[in-house]
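>
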Amino acid sequence: MSATDELKQKLPAAVVSTGMQGNKPMAVIKKEELLNVAGKVKEMGFDHLSVITGTDYKDHFEVVYNFYSYNKKQNLVLKVIADHDKPEVDSLTSLWKGADWLERETYDLVGIRFTGHPNLVRILLPDGWIGHPLQKDYDMNTEQFVTIGEKGEDIVSTDGSNLLRRK
Amino acid sequence: METDELIINMGPVHPSTHGVLRFRLRMDGEIIKECTPVLGYLHRGTEKLGEMKTYMQFIPYTDRLDYISAFPNNYAFVKAVEELAGIEVPLRAEYIRVIVMELNRIVNHLVSIGSLLMDLGAATMIMWGFRERENALQLFEMLCGARMTFNYIKPGGVREDIPEGFMAKLNEFLKDMEKRIEDYEQLISSNEIFMMRMKNIGVISAEDAVNYGMTGPTLRGSGVNYDLRKYEPYSIYRDLDFRACVRNECDSYARYIVRIDEMKESLHILRQVVDTMPEAKIVSSAKYGIAPMTGTPSAVSTYFPRIFTPPAGEVYSRIEAPKGELGFYIASDGTTKPYRVKIRSPSFCNLTAIPKMVLGLKIPDLIAAFGTIDVVLGDVDR
């Protein structure tokens, strides 16, 4: 029995559909059930959270979780669909500590918010950065200028006014 | 005695952070109470670039992620593309790929161990490491003209066949390297000062290492017997004889020993590959309607279309890069450019665990532990 079938059997209400991501079994699950399903997945022996990917599909966001089991030597993929207006999914930091930075990165670049994350701030871009670059409607033409303020904070502007020493 | 806590910034420009990385340290005297890595100084938006370039145009960008070991980066992306489009690769090309990737693993570990020792205050190893690295780089140069950023592995094969004299020089390198590794071990492995600096420093249990998503030598140093080449074999690793190098001590010393052992295993792999190298064409051609190339050098620049459209779909493929698990997630919408490229870089994920590893240690121990994680900032910040 494949891992997705097992998941479907255990949590029939949570699984929307099953399919394949390349050669890896994939289950699309309900957004509200993510934490529940992830807990079950961990119980099933999928101890390695390999990657979290967020993708902007213009009318919705997809968040893809790639799991692997070191004991069973099996892959499992979970996919969650989030609204485009308010992309929010549950954080998995309570189950995998490695999810911390992966979720911060996804928030930073794709703009998906992870509820329950202890420290959901930008990780690669400066704090005041405008927009999330991997969203498809990200403004590529406006330049952003970053300087460091008195207290070490990042100051971002679009006109470069923060670059001038004298006001 | 009452003491005040002190915030210290280590970096972003610091010789032992191997690039531009900042540690924000909350110190109680000499003891680290909290360590927060601050990233992003080298962020170049590689994933966004991936969406704006065609598949072939993106390959050179992968070189610039982990620039110490660029061949595995090339290969990881190309493998994802090949899985997406169902491209077959001829056997000789796979052999060449394994040769360059294993050579690159040796180069990576030489740089890693060399810079670790330099951070600890011993300058010999980096000289020795770079001396042997130079020989390997000359081999790479013979192969594709570049020494660090290769752009050599392409979907369906490799860019050019191996040139004349390459195999002889490779054999020489292998013979030489065997003795060199013995030298390193005599110099370092049982050095008392080195052992005092490394043993029981930066300890992370197997359970934690898995939970933090650590991979590669850092995971195997914590006693988890896992190597993607072995348990999810790709390319020709299925037919090769090698073992996953594991140590159970979970500390910095264990991770160092794993790297030394891996170099030996790489040599073992290379010897097998050299002996069984098949004579055949080096690029796949059946599917894309281009005449088959024989194993002659230089006749190849048009074997694979510069612009091609894989079918729509998504794929996540991962390989055992020298630093750990390197994965590329590609979502294709059936156009000439990827819809989304996500890079799962080993350095980024391994670095997640450093705050846990150095809690309660001193700053020099942070340097030792960080050195054995072996990150490249191009790979962390992407």
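Protein chains in written order, with the numbering used here: chain E, 421 to 587; chain D, 25 to 406. For each residue, glycine too, the CB sits at the ideal point set by N, CA and C. As the structure is a computational prediction, the values presented were derived from the model and not from experiment.
Closest to residue 137 of chain D by CA distance: which of D:405, D:394, D:403 is it?
The shortest C-alpha separation from residue 137 of chain D is found at D:394.
> Measuring only the C-alpha atoms, how far is residue 175 of chain D from residue 401 of chain D?
Taking the straight line joining both Cα atoms gives about 20 angstroms.
> So what does DSSP say about residue 381 of chain D, is it helix, strand or coil?
Looking at residue 381 of chain D - three-state DSSP - the assignment turns out to be helix.
> Verify whether the separation of the beta carbon atoms of residue 511 of chain E and residue 486 of chain E is less than 8 angstroms.
For residue 511 of chain E and residue 486 of chain E, no; Cβs fall outside 8 angstroms.
> Hey, residue 234 of chain D and residue 467 of chain E: beta-carbon distance below 8 angstroms or not?
Cβ distance < 8 angstroms, so residue 234 of chain D and residue 467 of chain E count as in contact.
> At a CB distance below 7 angstroms, what residues from the stretch 453-474 of chain E approach chain D? Give them in sequence order.
Residues 467, 468, 469, 470, 471, 473.
> Report the residues of the stretch 549-562 of chain E with a CB closer than 7 angstroms to any CB of chain D, ordered along the chain.
Cβ contacts with chain D come from 553, 554.
> I'd like to know whether the C-beta of residue 63 of chain D is nearer than 8 angstroms to at least one C-beta of chain E.
Closer than 8 angstroms: yes.
> Taking all protein chains shown into account, decide if residue 520 of chain E is buried (16 or more other Cβ within 10 angstroms of its Cβ) or exposed.
With 16 or more Cβ atoms within 10 Å of its Cβ, residue 520 of chain E is classed as buried.
> Buried or exposed: residue 403 of chain D, going by 16 or more other Cβ atoms within 10 Å of its Cβ?
Its Cβ being crowded by 16 or more others within 10 Å, residue 403 of chain D is buried.
> Can you give, in chain order, each stretch of the alpha helix (DSSP H) that sits fully within the stretch 507-562 of chain E and has at least 4 residues?
Fully enclosed alpha helix (DSSP H) runs of 4 or longer: 519-530.
> For residue 480 of chain E, collect the residues of the same chain with a Cβ closer than 8 angstroms to its Cβ; drop the 5 residues on either side in sequence, then sort them by chain order.
Only 501, 502, 503, 504 meet the Cβ criterion.
> If you check the beta carbons only, do residue 380 of chain D and residue 228 of chain D fall under 8 angstroms apart?
Yes.
> Contact criterion: CB-CB distance below 8 angstroms. Does residue 373 of chain D meet it with respect to chain E?
With 8 angstroms as the cut-off, residue 373 of chain D counts as an interface residue toward chain E.
> Comparing the C-beta of residue 520 of chain E with each C-beta of chain D, is any distance below 8 angstroms?
It does: the Cβ of residue 520 of chain E has a partner Cβ on chain D nearer than 8 angstroms.
> Using alpha carbons as the reference points, say which of D:32, D:120, D:72 lies closest to residue 299 of chain D.
Nearest option by C-alpha distance: D:120.
> Counting pairs of Cβ atoms below 8 angstroms between the stretch 536-543 of chain E and the stretch 559-572 of chain E, do you hit three or more?
At 8 angstroms Cβ cutoff, the stretches do not touch.
> Which value, in whole angstroms, describes the spacing of the CA atoms of residue 62 of chain D and residue 444 of chain E?
Each residue's Cα considered, the two are about 34 angstroms apart.
> Cα separation between residue 580 of chain E and residue 143 of chain D?
So the two alpha carbons sit approximately 39 angstroms from each other.
> Taking residue 194 of chain D as the reference, give the member of D:124, D:98, D:152 with the closest Cα.
With distances taken between Cα atoms, residue 194 of chain D lies closest to D:124.
> Output, in sequence order along the chain, the residues in the stretch 55-84 of chain D whose CB is closer than 8 angstroms to any CB in chain E.
Hits within the stretch, in order: 63, 64, 67, 69, 71, 72, 75.
> Would you mind reading off the limits of the alpha helix (DSSP H) that contains residue 402 of chain D?
Residue 402 of chain D -> alpha helix (DSSP H) spans 401-405.
> Please state whether DSSP places residue 447 of chain E in a helix, a strand or coil.
It is a strand residue.
> Compute the Euclidean distance between the alpha carbons of residue 372 of chain D and residue 58 of chain D, then round it to the nearest angstrom.
Distance between the alpha carbons of residue 372 of chain D and residue 58 of chain D is about 19 angstroms.
> So what does residue 350 of chain D bridge to, in DSSP terms?
Answer is D:343.
> Does any residue of chain D have a CB that is nearer than 8 angstroms to the CB of residue 564 of chain E?
Residue 564 of chain E does not count as touching chain D.
> Who does residue 130 of chain D pair with in a DSSP beta bridge?
According to DSSP, which records beta bridges pairwise, residue 130 of chain D is partnered with nothing at all.
> Which residues bound the alpha helix (DSSP H) around residue 50 of chain D?
Counting along the chain, residue 50 of chain D falls outside any alpha helix (DSSP H), though it belongs to the beta strand (DSSP E) covering 46-52.
> What are the residues in the stretch 241-273 of chain D lying within 8 angstroms of chain E by C-beta distance?
Within the stretch 241-273 of chain D, the residues whose Cβ lies closer than 8 angstroms to some Cβ of chain E are 248, 250, 255, 256, listed in chain order.
> Comparing alpha-carbon positions, which option in D:223, D:177, D:378 lies nearest residue 82 of chain D?
Ranking the options by Cα distance to residue 82 of chain D, first place goes to D:177.
> With H, G and I counted as helix, E and B as strand and the rest as coil, what does DSSP make of residue 97 of chain D?
Reduced to three states, the DSSP call for residue 97 of chain D is helix.
> Please check the pair residue 100 of chain D and residue 266 of chain D, which I expect to be a contact at CB under 8 angstroms, by giving their CB distance rounded to whole angstroms.
The Cβ separation is near 19 angstroms, so there is no contact.
> Sort E:553, E:488, E:508 by Cα distance to residue 452 of chain E and report the nearest one.
Residue 452 of chain E has its Cα closest to that of E:508, out of E:553, E:488, E:508.
> Report the option in D:284, D:86, D:28 whose CA atom is closest to the CA atom of residue 214 of chain D.
Comparing Cα positions, the closest option is D:284.
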